[in-house]
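Novice: So that we are looking at the same thing, I have put the structure below in structure tokens.
Laid out in structure tokens, this is it:
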């Protein structure tokens with residue numbers, strides 16, 4: 007009798023992408039990686055990680071679903087230049103029936119330092135309707151295995167950061183924003 011159970015999925019914690027190289031056209035006039043290409047590196051790693059879960063290009067082509075980015079928060083920590091090989095780590099933070107919350111770091115592939123971090127929320131979408139839809143049971147099961155593996159990792163320090171300029175030394179909130187010494191009226 008054939009075994010009809012789905013194959014179990016194994017995940018490293020965190021997921022680590024293949025080594026990637028920076029392309030010459032990605033270097034900007036400052037002599038370092040243009041900010042847009044940090045996103046390209048993150049996106050390529052997400053494709054690799056999501057492929058392991060079953061959400062790769064074959065999944066989209068099958069018509070079962072796809073994922074769309076809903077929110078991304080990138081923090082640039084250190085410059086990358088043309089000669090820097092990189093790898094991206096990905097940690098699944100959580101998921102529900104329609105969403106995936108994950109955190110990634112671009113790291114120098116040989117020296118290990120962090121160049122950038124990215125916190126993301128992606129939505130599962132039905133490609134026929136282009137509306138948010140529940141993950142199929144097999145994908146939810148795979149995400150559950152991945153989350154179980156990644157739940158043992160420490161909470162990333164950059165997770166949940168808020169962008170803003172702290173109002174240091176200002177007694178009143180309306181005094182926090184000034185342009186050339188003048189108060190800005192709201």
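In the numbering used here, the protein residues as written are 7 to 192. Note that CB positions come from ideal geometry on N, CA and C, so glycine has one too.
(1) Which two residues bound the contiguous beta strand (DSSP E) that contains residue 100?
(2) Roughly how many angstroms lie between the CA atoms of residue 80 and residue 21, to the nearest whole one?
(3) Take the Cβ of residue 145 as the centre, count every other Cβ of all protein chains shown within 10 Å, and call the residue buried at 16 or more, exposed below.
(4) On the DSSP bridge assignment, give the partners of residue 127 in chain order.
(5) When the Cα atoms are used, what is the spatial distance from residue 11 to residue 83?
(6) Tell me where the alpha helix (DSSP H) around residue 23 begins and ends.
(7) In its own chain, which residues sit with a C-beta less than 7 angstroms from the C-beta of residue 132, not counting the 5 before and 5 after it?
(8) Check whether the segment 119-130 and the segment 25-35 touch, using three or more Cβ-Cβ pairs below 8 angstroms as the test.
(9) Nearest to residue 143 by alpha carbon, out of 95, 117 and 102?
(10) Specify the secondary structure class of residue 65 as computed by DSSP and reduced to three states.
(11) Around the Cβ of residue 75, are there at least 16 other Cβ atoms within 10 angstroms (buried) or fewer (exposed)?
(12) Use the C-beta contact count for residue 110: other C-beta atoms within 10 angstroms, 16 or more gives buried, fewer gives exposed.
(13) Can you tell me whether residue 106 is buried or exposed, with buried defined as 16 or more other CB within 10 angstroms of its CB?
(14) Quick one: what's residue 112 bridged to in DSSP?
(15) Mind checking which residues open and close the alpha helix (DSSP H) that includes residue 54?
(16) To the nearest angstrom, report how far apart residue 41 and residue 90 are at their CA atoms.
Specialist: The short version:
(1) Along the chain shown, one-based indexing puts residue 100 at 94. Counting along the chain, the beta strand (DSSP E) containing residue 100 begins and ends at 92-101.
(2) Position 74 of the chain shown, counting from 1, holds the residue named residue 80. Position 15 of the chain shown, counting from 1, holds the residue named residue 21. About 18 angstroms.
(3) By one-based count along the chain shown, residue 145 stands at place 139. Residue 145 comes out buried.
(4) Position 121 of the chain shown, counted from the start, is the residue given in the question as residue 127. DSSP lists 77 and 107 as partners of residue 127.
(5) Stepping through the chain shown from its first residue, residue 11 is reached at position 5. Stepping through the chain shown from its first residue, residue 83 is reached at position 77. Because residue 11 carries a pLDDT of 47, less than 50, the predicted location of this residue cannot be relied on, and the following value inherits that uncertainty. Cα to Cα, the separation comes out at about 44 angstroms.
(6) Here the question's residue 23 lines up with position 17 in the chain shown. Run containing residue 23: none; DSSP gives neither H nor E here.
(7) To locate residue 132, count along the chain shown from 1; it is residue 126. Counting only Cβ-Cβ distances below 7 angstroms, and skipping sequence neighbours, we find 71 and 139.
(8) no
(9) Within the chain shown, numbered from 1, the residue matching residue 143 stands at position 137. Among 95, 117 and 102, the Cα nearest to that of residue 143 belongs to 102.
(10) The residue given as residue 65 occupies position 59 in the chain shown. In this structure, residue 65 counts as helix in the three-state DSSP scheme.
(11) Locating residue 75 in the chain shown gives position 69, counting from the first residue. That one is exposed.
(12) Locating residue 110 in the chain shown gives position 104, where the first residue counts as 1. Looking at its Cβ environment, which holds 16 or more other Cβ atoms inside 10 Å, residue 110 is buried.
(13) Here the question's residue 106 lines up with position 100 in the chain shown. With 16 or more Cβ atoms within 10 Å of its Cβ, residue 106 is classed as buried.
(14) In the chain shown, the residue the question calls residue 112 occupies position 106. 94 and 122.
(15) In the chain shown, residue 54 corresponds to position 48, counting from 1. Its alpha helix (DSSP H) spans residues 41-59.
(16) Stepping through the chain shown from its first residue, residue 41 is reached at position 35. Stepping through the chain shown from its first residue, residue 90 is reached at position 84. Their backbone Cα atoms lie some 15 angstroms apart in a straight line.
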